[in-house]
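J.: If you're matching positions, the sequence shown starts at 1 in the UniProt record's numbering and goes up one per residue. All C-beta atoms in this analysis are idealised placements derived from N, C-alpha and C, irrespective of residue type, glycine included.
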Amino acid sequence: MEVVMDSSLRRLVNRRLEWLEMTKDQVSDWNAGTTRRRDRLSALPNTVLSRILSKMPMDSVVRTSILSKRWSNLWKHTQGVDFHSLPFSDNQADYSPITRCLDLLLSPQIIKFTTVGHVSERSNPDVQRWVNFALSKNVRQLTIGLMSVSLARRFFQLPDSLFSNRSKILEHLVLSFVDFKPPRPGQPIAASVFSSLKLLVLTHCKLADATVDLCLRKCVPLEELVINMCEGLKNVNISGPNLRLISFRCLEDSDDGEFRSLRVDAPLVGNLVYSGDLTKFYLNNCPVLQILLLQGREEPMNEAYTVHVRELIDQIRHVNTMILNFAVVEFVAKEYCTRGIPFQTFQNLTHVFWFGPLKSPNAVYNLVAFLGDCPSLIEIAVDFREESGAVFCQCISEGHVADEYEEGESSQRNPYEVGNLEKLEIAEVRCFSGFDGEMLLVRLLLEKAVNLRKLWLFWRLGDLSVMHDNVLQDITKSGYPQQLSDTIQEEANSIIATILNFRKASPRVRIKFGQEWRIESWRRHFGD
């Protein structure tokens, strides 16, 4: 039976920990006020308490040992080991407390083992010992989440036992900054290794094409695969009968050579993420793909590029949610818009998330034309976080409110030649600063979305932590002088007034100005 640690139980544990920090008088007062209350936490059986502790970080778990005699050894039977903040030092970090803690644990099985933290150039975390311990306890979910703070990429060694382990219990494996490779020649590889693995995440690891092939052959039940910025890959083939989610962000150049290609053949994949050169990405047999994040890079649009991207777009024409940047939209503009041909490929597309700058009228018109050729579109979000211009408050303080915006170009396709955005109901613009290109986009959305219900504009501010939901509320808390705060407020008022005066095709549209965007609706598509 899985026990979920709800907020009430968490509060009870925290009350116990607070009691430890009281003085004698405070303890007497506290006891006098609670003698008639029932201690529900102590009334729980040890098995339930152990499962509650399994949901807590290890530093808090160990602290419970001084609550009472009953609690002194209870923590040793936890089934969850979570060191979510590793010791850090610019010199050699001391990991001995972790070792002592692991030596004292008595639980015959660890369900989840996690170590996460930054590692300096001189530190040497005992990764092999941690992995060996977790495997000896028949771990189901193993996470070694190291984050290097040095400029040079360091890859820590894994024990050979990871590949020789015969356990059929390991279901989740998450690794970063490790050398993920099979044992040395002559060392055995268990036939059942990874045979129960359902999730594999490799981030900033040293990896080889052959290792990916080996893992996919062994991991028949694998459902989610993430390979992020790994070094050593050249020609990667990803295939699997049960893969539902694939995420691949390539490291273009490394010491081992240049990445050449990614080929995906996964009949059940529904969510796919790719970041890299589009000409190196090949799709085959992905009939149920619905959600795609496609982040291309700037490449010369020669004939080979055009042929390949056209074939790629034909493979993804059935998706309903797409997160993309300039690469696809620029291709569509040059191959279709400049020729006056409507782009009618994405007939099922209902959600679009665009991220990147809009540096010219062309970029704005091309994006609106692309959206106009998606007849089923219901919701869009535009994110300017890759924009190189100054944030809103900073640009006001420097006396300008426009980025480097190229006005001389003529549009490749007049957006008014495109049909209205008939089904669009929700539009979000994030990191909004009121630049010319952003204002043009907002105007076109309001003029063409005939059924728009919500337009949310989220300001791009310098310090989000001190700002409220409305940029016009308590703006002086941002730390700017009063005179400058008045200028910022005046400029914000001017931008808001301009937008509210734009012509609106939808009579029921509601425009909201805020400054904390919420991306849960997009995160849920990729399990973030």
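Give me the residue from L421, E438 and F502 with the minimum Cα distance to S360.
T.: Among L421, E438 and F502, the Cα nearest to that of S360 belongs to E438.
J.: Could you please give me the residues that DSSP links to H351 through a beta bridge?
T.: H351 pairs with T321 and E379.
J.: Taking C-alpha atoms, which residue in F155, H77, L106 and Q128 lies nearest to R122?
T.: Answer by Cα proximity: F155.
J.: Can you check DSSP and say which residues form a bridge with I316?
T.: In DSSP, I316 forms no bridge with anything.
J.: Using alpha carbons as the reference points, say which of E299, N228, T211 and A210 lies closest to L202.
T.: Closest by alpha carbon: N228.
J.: Where does K448 land, buried or exposed, given buried means 16+ other C-beta within 10 angstroms?
T.: When all chains shown are included, K448 counts as buried.
J.: Under the assumption that D82 contacts P57 (Cβ atoms under 8 Å), give the Cβ distance between them as a whole number of angstroms.
T.: That pair is a contact at about 5 Å.
J.: Within its chain, find whatever has a CB closer than 7 Å to the CB of V4; leave out the 5 residues flanking it on each side and keep chain order.
T.: With a pLDDT of 47 at V4, under the threshold of 50, the modelled position of this residue cannot be trusted; read the value that follows with caution. For V4, where only same-chain residues beyond five positions count, there are no Cβ hits under 7 Å.
J.: Sorted by chain position, which residues of the same chain lie with C-beta nearer than 6 Å to W354's C-beta, five sequence neighbours on each side aside?
T.: These residues qualify, in order along the chain: V382.
J.: Taking the CB atoms as reference points, tell me whether N242 and L268 lie closer together than 8 Å.
T.: Result yes, Cβ atoms of N242 and L268 sit closer than 8 Å.
J.: Following the continuous alpha helix (DSSP H) through C215, name the residue where it begins and the one where it ends.
T.: Residues D209 to K218.
J.: With R430 and F384 assumed to form a contact (beta carbons below 8 Å), what rounded beta-carbon distance in angstroms separates them?
T.: So it is a contact: roughly 7 Å between Cβ atoms.
J.: Under the assumption that R249 contacts D277 (Cβ atoms under 8 Å), give the Cβ distance between them as a whole number of angstroms.
T.: Not confirmed; about 12 Å, so no contact.
J.: Report buried or exposed for P287, applying the criterion of at least 16 other Cβ atoms within 10 angstroms of its Cβ.
T.: That one is exposed.
J.: Can you grab the Cα-Cα spacing for the pair V352 / R508, in whole Å?
T.: If you take the alpha carbons of V352 and R508, they lie about 22 Å apart.
J.: Just verifying my parser: in three-state terms, what is the DSSP assignment at S388?
T.: Bear in mind that a pLDDT of 39 at S388, under 50, signals an unreliable position, so the model cannot answer this.
J.: With the cut-off set at 8 Å, would you say N302 and R263 are in Cβ contact?
T.: No; because the gap between Cβ atoms is not below 8 Å, this pair is not in contact.
J.: On a Cα-Cα basis, can you pick out the residue from G356, A327, F326 and E311 that is closest to T345?
T.: That would be E311, whose Cα lies nearest to the Cα of T345.
J.: The ligand GDP and C286: does the residue's C-beta get closer than 7 Å to at least one heavy atom of that ligand?
T.: In terms of ligand content, the structure shown is empty, and the ligand GDP therefore cannot be addressed.
J.: How should E224 be labelled, buried or exposed, when 16 other C-beta atoms within 10 angstroms of its C-beta is the threshold for buried?
T.: Per the 10 Å Cβ criterion, buried.
J.: When DSSP labels each residue in this structure, what does S176 get in the three-state scheme?
T.: Residue state, collapsed to three classes: strand.
J.: Once DSSP output is grouped into helix, strand and coil, what is the label at F163?
T.: Helix.
J.: Where DSSP assigns a beta bridge to R263, which residues make up the other side?
T.: In DSSP, R263 forms a bridge with N237 and Y282.
J.: Of all the options C215, N451, F326 and G434, which has the alpha carbon lying nearest to the alpha carbon of residue 531?
T.: Outside the displayed span of the chain (1 to 528) sits residue 531, for which this structure offers no information.
J.: Would you mind stating whether V273 and L293 have Cβ atoms separated by less than 8 Å?
T.: Cβ atoms of V273 and L293: closer than 8 Å.
J.: Taking Cβ positions, are K218 and S239 nearer each other than 8 Å?
T.: Taking 8 Å as the Cβ cut-off, K218 and S239 do not qualify as a contacting pair.
J.: Exposed or buried, I52, counting other C-beta atoms within 10 Å across all chains shown (16 or more means buried)?
T.: Buried.
J.: Can F180 and T211 be called in contact, C-beta distance under 8 Å?
T.: The answer is yes: Cβ separation under 8 Å.
J.: Could you have a look at Y365 and say whether DSSP puts it in helix, strand or coil?
T.: Note: Y365 maps to helix in three-state DSSP.
J.: Can you say whether D314 is buried or exposed, counting buried as having 16 or more other CB atoms within 10 angstroms of its CB?
T.: Per the 10 Å Cβ criterion, exposed.
J.: Kindly provide the ranges of any beta strand (DSSP E) runs that are 3 or more residues long and lie completely inside the stretch 488-517, ordered along the chain.
T.: Segments of the beta strand (DSSP E) lying fully in the stretch 488-517: 510-514.
J.: Where in the stretch 39-124 do unbroken runs of the beta strand (DSSP E), each at least 3 residues long, occur, reported from the N-terminal end onward?
T.: Counting whole runs of 3 or more residues, the stretch 39-124 contains the beta strand (DSSP E) stretches 80-83 and 112-119.
J.: Suppose you measure from the CA of V364 to the CA of R260; what does that come to, to the nearest Å?
T.: Approximately 32 Å between the Cα atoms of the pair.
J.: Between the beta-carbon of K112 and the beta-carbon of R140, is there less than 8 Å?
T.: Yes; because the gap between Cβ atoms is below 8 Å, this pair is in contact.
J.: Among P97, D213 and L245, whose alpha-carbon lies nearest the alpha-carbon of K234?
T.: Of P97, D213 and L245, the residue nearest in Cα terms is D213.
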